[in-house]
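Top to bottom, those sequences are chains A and B.
Read in order, the letters of the first sequence correspond to residues 463 to 684 in my numbering.
Read in order, the letters of the second sequence correspond to residues 71 to 540 in my numbering.
All C-beta atoms, glycine included, are put in the ideal place defined by N, C-alpha and C.
The structure under discussion appears below in the form of structure tokens.
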Amino acid sequence: MELIEIKGVYKEYETAVALRGVDLVVGSGTWCSVVGPSGSGKSTLLNIIGGLDSPTKGQVFVDGADLGALSEDALARFRRERIGFVFQQSYLIPYLSSVDNVMLAQYFHSMPDRLEAEEALRRVGLAHRLGHRPGELSGGEQQRVCIARALINSPRLLLADEPTGNLDRENTRLMLELLKRLHEEERFTIILVTHDPYVSKWAQRIVTMEDGKVIKDEPLYY
Amino acid sequence: MSLFIIEAAVVGLKEALKLWVVWLVMSAYLKDMGSPRLIRAFHMGIALTIALFAVSFAIASDPYVRTVLSRLTGYTFFVFFISSIAALLESTGTRLFAGLKPKEGIFRPVIALSTVFYFSPDIIGSSMFIRELSEMKGAYAAVYLSGFAGFALPFLLTALTLYKYRGGRTAAIAAIAPYFGTAQFLLFLSMVKLLGGGVKGFAEFSLIPMVQRGVMKFFHDFVHQTFVFLMVPDHPLLATTVWNFIGIFFGPNIAMAASLFILLAPPLLFLLKGATSPRGGTATPQGATGPGEKGAERRKLMASVRADRRKKAVPVVGFIALILIFYFSGGTGEVSRLYNPKPKPVVEDKGVIIIPLTDPTMDLMDGMLHKFSFAAEGKTMNMLIIKKPDGKLAVCLDACEICPPEGYGQREAHVVCIYCMTPIPVETLGRPGGCNPIPLNASITEKDIRVDVAEIIGKWQKVGGAGSVE
């Protein structure tokens, strides 16, 4: 069953063209890496899949919903219920504790539940950091809070844009191992944008982009 | 523009607004219940009501019919109010109607007949009021046209709005629907009835005075009958001073507190139960699978229950607010709106008070209440005189043995104790005891009425009361 279906998507800006007729289909439960040089359109594609941006032309279907046909409210509801985001920067609220940051995502989804948020942080190995604020956490720990926050609302799709960009190799490995375990347990779909070949190889499929087009789409088996 | 023309328009407007707002909320409620087609049964009920309204023009406007209509209006309110309490309890998890599953077909006649039962007394009562007003003022065309204009105004504005904004009705119904479950709908109906159910124009715009009077009457009868029937007649507790004390219990303040409690306790209980129960009975959204959900799904379900509960609490809170606003804005002052003439001072002549029957400035035989005041020993004592249905005159003190001597007013075929609002049929005046005015042994001739001063003073001493001391 396909979770993402992208048909002839263009994204044009006044001075540049980011996407040039991208077609892509991603099955449910797949971990797909999107790689390519800077300016190839990886992040633009990710933002369009996540409903953060809209294409100039073409259609995007995610989990059966035609994103172009959704109203602003429906799109916001779609994002908070079906999609989890992890970015290179953590974007955690600096004056809230780890658990409160996770609860904030619960609040915007439905309602907060402290016990559930604490359990989510334990699953990412942060049982000893529940009451710590982002400034008191390492970069790797902050990204683990971000994963807990992104997955707390049981999304069907996790979109990650250079999630390990600020981490050293050891923390990158720890984070990818965590992501792999959670992916195997919960079978959500992952689209992970990276330019790091080490990170991209953790996926089941690698999509390579260049100059706004998909130039290679290869499955990996592990 | 004359006040009575405005009054006719307001009465017409009030009935139309009731019809309009109930139709709108009923449409929303039925949509929420998944049976929007049942609104046709409501339309049928309205058609029957209008037919009854037309027939009502042939009914003679006499006080008895008015009394029956007035009572019927009150009973309708109580039926819907009690139903709303039951539904409120049901919706917060108290299973009153477990196992009761009526067939859908039965709802059609129930809705149609309930609509007739709900609207008829008010509409017929208001039409009779407009008719009386037109007859009293001798301005038939102006009063009827004004009443009709008031009635037509909301429908005209609705038609214009819907013409301008197509789809407005559907949007309005969709916006209202989440706020009304069965309990809220029934409470809404009783609220509309309570706040706009009076059928006597400006004199009784709402039913709140009726509720208050009902409570006072209940207190009065309960306390009074208990003491009168359960105690021996010469028991010290029956002394007048004690009766004065007991009278406090069926005074307006206690009645106001009690009626406020009766009206507000159920919705407050509903809010309390709704706020404290984790997932209340019928508030569970359709499609929920119960305790099996976990994580985000569970939170989503809980949030939807909470949002639904909050929306459903809005009409209940609105009901509470409106009741309080009406109570504390002087709306309940209507309870004491009685005909209460100012006493005419009289003086004694050789130990006797003489009230002429041939005085051209007053007609004691006109069936209206007449009052006289007499000053002696530093006190002002009041008397009342009224013609009874048998043609005889009743001459009494303007006080009874029980309540503080605030006197009596007249409403239709009763005199009413101003303190405890107990209505006394005029034909029973002259009988001693209880709530009746204390009778005086008057000598009545064709020329005048003579009352012994010593008797007045002697009997007034039993009444006491600080208010009578000058």
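Using the rule of at least 16 other Cβ atoms within 10 Å of the residue's Cβ for burial, across every protein chain shown, is residue i buried or exposed?
i, result
"Q531 (chain B)", "exposed"
"I472 (chain B)", "buried"
"G421 (chain B)", "exposed"
"A531 (chain A)", "exposed"
"E516 (chain B)", "exposed"
"R649 (chain A)", "exposed"
"K382 (chain B)", "buried"
"K234 (chain B)", "exposed"
"E404 (chain B)", "Because E404 (chain B) sits at a pLDDT of 48, beneath the cut-off of 50, its placement in the model cannot be relied upon, and the following sentence gives the value as read from the coordinates. Label assigned to E404 (chain B): buried."
"S276 (chain B)", "buried"
"D192 (chain B)", "buried"
"Y475 (chain A)", "exposed"
"H290 (chain B)", "buried"
"Y249 (chain B)", "buried"
"P507 (chain B)", "buried"
"A79 (chain B)", "buried"
"A469 (chain B)", "buried"
"Q604 (chain A)", "buried"
Looking only at DSSP bridge pairs, what is residue i linked to?
i, result
"N410 (chain B)", "Looking at the DSSP assignment, N410 (chain B) forms no beta bridge with any residue, so it has no partner."
"N452 (chain B)", "B:S443"
"E580 (chain A)", "DSSP lists no partner for E580 (chain A)."
"T670 (chain A)", "A:V497, A:K678"
"E467 (chain A)", "A:V487, A:F523"
"L464 (chain B)", "Per the sequence shown, residue 464 (chain B) should be read as Ala rather than Leu. Answer is B:I456, bridged to A464 (chain B)."
"E474 (chain A)", "A:V479"
"F547 (chain A)", "A:L621"
Measure the C-alpha to C-alpha separation of residue i and residue j and round it to an integer number of angstroms.
i, j, result
"I555 (chain A)", "R595 (chain A)", "8 Å"
"F177 (chain B)", "A222 (chain B)", "29 Å"
"S490 (chain A)", "P659 (chain A)", "23 Å"
"G501 (chain A)", "S600 (chain A)", "29 Å"
"K88 (chain B)", "P224 (chain B)", "10 Å"
"G238 (chain B)", "L100 (chain B)", "17 Å"
"S406 (chain B)", "R369 (chain B)", "With a pLDDT of 45 at S406 (chain B), under the threshold of 50, the predicted position of this residue should be treated as unreliable, and no value is reported."
"T431 (chain B)", "P413 (chain B)", "14 Å"
"G360 (chain B)", "L159 (chain B)", "Interpretation of G360 (chain B) is limited by its pLDDT of 49, a score under 50 that renders its predicted location unreliable; no figure is taken from the coordinates."
"S616 (chain A)", "T626 (chain A)", "22 Å"
"T354 (chain B)", "V375 (chain B)", "Residue confidence is low: T354 (chain B) scores 41 on pLDDT, short of 50, so the model does not pin down where it sits. No coordinate-derived value is stated."
"T477 (chain A)", "S516 (chain A)", "17 Å"
"M280 (chain B)", "A391 (chain B)", "19 Å"
"A567 (chain A)", "P574 (chain A)", "8 Å"
"L439 (chain B)", "F112 (chain B)", "46 Å"
"A579 (chain A)", "A366 (chain B)", "11 Å"
"L226 (chain B)", "A86 (chain B)", "11 Å"
"W493 (chain A)", "A244 (chain B)", "42 Å"
"G479 (chain B)", "E274 (chain B)", "17 Å"
"A665 (chain A)", "M96 (chain B)", "56 Å"
"G351 (chain B)", "P499 (chain A)", "With a pLDDT of only 40 at G351 (chain B), under 50, the local geometry of the prediction cannot be trusted, and no value is derived from it."
"V387 (chain B)", "P337 (chain B)", "8 Å"
"I324 (chain B)", "H571 (chain A)", "50 Å"
"K84 (chain B)", "A229 (chain B)", "18 Å"
"A358 (chain B)", "A373 (chain B)", "Note that A358 (chain B) scores a pLDDT of 44, beneath 50, so its modelled location is shaky and nothing firm can be said."
"G602 (chain A)", "E624 (chain A)", "13 Å"
"G470 (chain A)", "P106 (chain B)", "43 Å"
Look at the Cβ atom of residue i, then the Cβ atom of residue j, and state whether they are nearer than 8 Å.
i, j, result
"V496 (chain A)", "N563 (chain A)", "no"
"A377 (chain B)", "A253 (chain B)", "no"
"V521 (chain B)", "L510 (chain B)", "yes"
"L481 (chain A)", "L508 (chain A)", "no"
"V213 (chain B)", "I194 (chain B)", "no"
"L411 (chain A)", "F540 (chain A)", "Past the edges of chain A, shown from 463 to 684, lies residue 411 (chain A), and the structure says nothing about it."
"I609 (chain A)", "L640 (chain A)", "yes"
"G477 (chain B)", "I488 (chain B)", "yes"
"R618 (chain A)", "T656 (chain A)", "no"
"F74 (chain B)", "L203 (chain B)", "yes"
"P495 (chain B)", "R481 (chain B)", "no"
"F218 (chain B)", "G82 (chain B)", "yes"
"I332 (chain B)", "V384 (chain B)", "no"
"K449 (chain B)", "T162 (chain B)", "no"
Between residue i and the ligand ZN, is there a pair consisting of the residue's CB and a ligand heavy atom that are separated by less than 7 Å?
i, result
"S260 (chain B)", "In terms of ligand content, the structure shown is empty, and the ligand ZN therefore cannot be addressed."
Any beta carbon of chain C sitting closer than 8 Å to that of residue i?
i, result
"M372 (chain B)", "Absent from the structure is chain C; the protein chains it does hold are A and B."
**Item:** Ordered list of alpha helix (DSSP H) runs contained in the region 224–248 of chain B, each at least 4 residues
**Value:** 238–246
**Runs of alpha helix (DSSP H) lying entirely within the region 559–625 of chain A, each at least 4 residues, in chain order** = 560–571, 576–585, 601–613
**Within the region 247–282 of chain B, ranges of the alpha helix (DSSP H) (whole runs, at least 4 residues)** = 252–266
**Message:** Suppose only complete runs of 3+ residues qualify. What are the beta strand (DSSP E) ranges in the region 618–662 of chain A, listed by chain order?
**Reply:** 619–623, 651–655
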